[in-house]
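Q:
2 protein chains.
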Amino acid sequence: MDAFGQMLLDGSHSELVERNDRFISASTLNYFAPVRRWDTVERRALRWVRGRVLDVGVGAGRVALELQARGREVVAIDVSPGAVQVARRRGAKDVRLLAFEDVDESLGRFNTVVMFGNNFGLFGSPAKARRLLRRLRPFVDRIVAASNDPYSTHDPAHRAYQEGNRARGRMSGQLRLRVRYRDLVGPWFDYLIVSPNEMAGLVEGTGWTIRRLIRGNDARYVAVLD
Amino acid sequence: MDAFGQMLLDGSHSELVERNDRFISASTLNYFAPVRRWDTVERRALRWVRGRVLDVGVGAGRVALELQARGREVVAIDVSPGAVQVARRRGAKDVRLLAFEDVDESLGRFNTVVMFGNNFGLFGSPAKARRLLRRLRPFVDRIVAASNDPYSTHDPAHRAYQEGNRARGRMSGQLRLRVRYRDLVGPWFDYLIVSPNEMAGLVEGTGWTIRRLIRGNDARYVAVLD
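These protein sequence lines map, in sequence, to chains A and U.
Here the first sequence is numbered in this note's numbering, starting from 848 and rising by one per residue.
Here the second sequence is numbered in this note's numbering, starting from 848 and rising by one per residue.
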């Protein structure tokens, strides 16, 4: 049931994501976008990506391919077999079917872990985020991760979802999502959207600090953690 | 839970429809399209629309508004309260919250019943179609209805759905659908897609015959029933 992977395999330009309050939204994909069509904040963040890189959530490989073109050695991971296949086919050199939570020192040292495309979300929950941040510390020098501020929305449906989360002791932007594609329904997964302040709180005591925030005109931003 | 109506009220340009095999698709709306952006077959079919008209499934009112502009008297119906509101707001003069199956002679005589936007589908099932066709006969002179040929697709998911239908004694294109919009989930409804030959078979013995088929370059067509 690799809904996400099949969507990439078909080169579909529309992504359907369902939240566990039944909210469903279609958005246009930028999984295949060349660097000139990336978010401004991601383009600006590229200069913080150095040395040997781990690309978390490779998708169709847009980030891995751009970094390879810039001479970086990139190891890319994804939990979607379809994504792994697409990223390899498009030229990503070292792509592995691996979950973020299964990353360890056996992959070698990394100068940078890259999580573009809102993929700070793959930290999943505050507990998991702190656990993974601590685990990465010994063999990772820097994390460059994109997120977006959940409080920038005025949409009543999103506000109500966030409030429901807080009422149950969860972070506002702790989303439970699944991908729908044609007749495929992906598994539910956790995805964590945080404000810059929330991120600063999360990383405290894990050995990481926010060195730089790259912000644009909207809710999206990239944090550089050292 | 008027998902469809809320979508129109918000002027959304993307419609999400889910089939009961979980197949979900997003398509771009033409509910608000002026006549120059309609399907060719619908534009060509306009000259068969005469006299006093019943517009079945008014949606945002595009057909009713165009016919009013051409001097027709139009009664429009829809089961969606949101659609009724939007069509009225946009200038449709006589819009009623009414299901197709509740249409009877109390609405007066009609020279033409119009079912554009694939709305032959609102006949729902073969049994319901034959029942409604017979019921309309005494007070309706003509039906101008758009459908599309279910056999034109080569998509394995659609082919499998059609085969499942036939295995259960249903027509290939007897769809069970619901509209999703944000966190709203509409009720399941039946929607009947037929080939021109199937339509000819359906109407047999109901007092109607296909006078004219207006076909284009794709699966969509309009039938004129007298």
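Glycine included, every Cβ here is placed at the ideal spot set by N, Cα and C.
1) Using DSSP bridges, identify the partner residues of residue 862/A.
2) Would you check if the distance between the CB atom of residue 1021/U and the CB atom of residue 972/U is smaller than 9 Å?
3) The beta strand (DSSP E) with residue 867/U in it runs from where to where?
4) Do residue 885/U and residue 989/U have their beta-carbon atoms positioned less than 9 Å apart in this structure?
5) Could you run through the stretch 1027-1042 of chain A and flag, in chain order, every residue whose CB is less than 7 Å away from some CB of chain U?
6) Determine, for residue 857/A, whether the minimum Cβ-Cβ distance to residues of chain U falls below 9 Å.
7) Determine, using beta-carbon pairs with one atom in the stretch 1048-1068 of chain A and one in the stretch 905-912 of chain U, whether at least three such pairs fall under 8 Å.
8) Is the stretch 1049-1061 of chain A in contact with the stretch 1000-1010 of chain U, if contact means three or more CB pairs nearer than 8 Å?
9) Can you tell me whether DSSP reads residue 988/A as helix, strand or coil?
10) Hey, is residue 953/U's beta-carbon within less than 9 Å of any beta-carbon in chain A?
11) Can you give me the start and stop residues for the alpha helix (DSSP H) that residue 931/U sits inside?
12) Looking at chain A, which residues of the stretch 1048-1069 of chain U have a Cβ within less than 9 Å of any of its Cβ atoms?
13) Check residue 1018/A in the structure and name its three-state DSSP category.
14) Apart from the five residues on each side of it in sequence, which residues of its chain come closer than 8 Å, Cβ to Cβ, to residue 946/U?
15) Which residues does DSSP pair with residue 1072/U in a beta bridge?
16) Check the Cβ-Cβ distances between residue 870/U and every residue of chain A, and say whether any is below 9 Å.
17) Taking three-plus beta-carbon pairs below 8 Å as touching, is the stretch 901-908 of chain A in contact with the stretch 937-957 of chain A?
18) Chain A partners of residue 861/U, CB-CB under 7 Å?
19) Please return the same chain residues whose Cβ sits closer than 6 Å to the Cβ of residue 876/A, not counting the five positions on each side in sequence.
20) Pairs of beta-carbons, one from the stretch 953-962 of chain U and one from the stretch 1020-1040 of chain U, closer than 8 Å: are there three or more?
21) By the DSSP assignment, the alpha helix (DSSP H) with residue 851/A in it spans what residues?
22) Under a CB-based cut-off of 9 Å, is residue 1014/A close to chain U?
23) Give me the DSSP bridge partner(s) of residue 924/U.
24) Is residue 1042/A near residue 996/A, with beta carbons less than 9 Å apart?
25) Near residue 986/A, which residues of its chain fall below 6 Å by C-beta distance, leaving aside the five closest residues on each side in sequence?
26) So is residue 1004/U in contact with chain A if we call contact Cβ pairs under 9 Å?
27) Comparing C-alpha positions only, which one of 903/U, 920/U and 879/U sits nearest to residue 937/U?
28) Within 9 Å (strictly less), CB to CB, does residue 1023/A reach chain U?
29) Checking 9 Å against the spacing of the C-beta atoms, do residue 934/A and residue 967/A come in under that value?
30) Whole angstroms is fine: what's the gap from residue 883/U's alpha carbon to residue 964/U's?
31) Give a yes or no on whether the minimum CB-CB distance between residue 866/U and chain A is below 9 Å.
32) Closest to residue 932/U by C-alpha separation, out of 1024/U, 904/U and 888/U, would be which residue?
33) Which word fits residue 1051/A, buried or exposed, when buried means at least 16 other C-beta atoms lie within 10 angstroms of its C-beta?
34) Would you decide whether residue 866/A is buried or exposed? Buried here means 16 or more other CB atoms lie within 10 Å of its CB.
35) Quick check on residue 917/A: does DSSP put it in helix, strand or coil?
A: Reading it off the structure:
1) According to DSSP, residue 862/A bridges with 874/A.
2) Contact annotation: residue 1021/U and residue 972/U have beta-carbon atoms nearer than 9 Å.
3) Here residue 867/U belongs to no beta strand (DSSP E), and DSSP marks it neither H nor E.
4) Judged by their CB atoms, residue 989/U and residue 885/U are not nearer to each other than the 9 Å cut-off.
5) For the stretch 1027-1042 of chain A, which is checked against every Cβ of chain U, the residues closer than 7 Å are 1027, 1029, 1030 and 1032.
6) With 9 Å as the cut-off, residue 857/A does not count as an interface residue toward chain U.
7) Taking a contact to require three or more Cβ pairs closer than 8 Å, the stretch 1048-1068 of chain A and the stretch 905-912 of chain U do not qualify as touching.
8) Verdict: no, contact absent.
9) Note: residue 988/A maps to strand in three-state DSSP.
10) For residue 953/U, no CB of chain A lies under 9 Å from its own CB, so it is not counted at the interface with that chain.
11) Note, residue 931/U: alpha helix (DSSP H), 928-936.
12) Those residues of the stretch 1048-1069 of chain U that come within reach of chain A (Cβ to Cβ, closer than 9 Å) do not exist; the list is empty.
13) Here residue 1018/A carries a coil assignment [DSSP, helix/strand/coil].
14) Result list for residue 946/U: 924 and 926, in chain order.
15) Among the bridge pairs identified by DSSP, residue 1072/U is matched with 990/U and 1057/U.
16) At least one chain A Cβ lies under 9 Å of residue 870/U.
17) Yes, the stretch 901-908 of chain A touches the stretch 937-957 of chain A.
18) 873, listed in chain order.
19) Excluding residues within five positions, the ones whose Cβ falls inside 6 Å are 860 and 862.
20) Cβ pair count under 8 Å is below three, so no.
21) For residue 851/A, the enclosing alpha helix (DSSP H) begins and ends at 850-856.
22) Residue 1014/A does not count as touching chain U.
23) In DSSP, residue 924/U forms a bridge with 903/U and 943/U.
24) Yes, Cβ-Cβ distance for residue 1042/A and residue 996/A is below 9 Å.
25) Same-chain partners within the cutoff: 952 and 956.
26) Residue 1004/U counts as touching chain A.
27) Nearest C-alpha to residue 937/U: 879/U.
28) Residue-level contact by beta carbon fails for residue 1023/A and chain U, as no gap is shorter than 9 Å.
29) No, they are not a contact pair.
30) Each residue's alpha carbon lies about 14 Å from the other.
31) For residue 866/U, the answer is yes, since a Cβ of chain A falls inside 9 Å of its Cβ.
32) Measuring C-alpha to C-alpha distances from residue 932/U to each of 1024/U, 904/U and 888/U identifies 904/U as the nearest.
33) Burial call: exposed.
34) Per the 10 Å Cβ criterion, buried.
35) If DSSP states are grouped into helix, strand and coil, residue 917/A belongs with coil.
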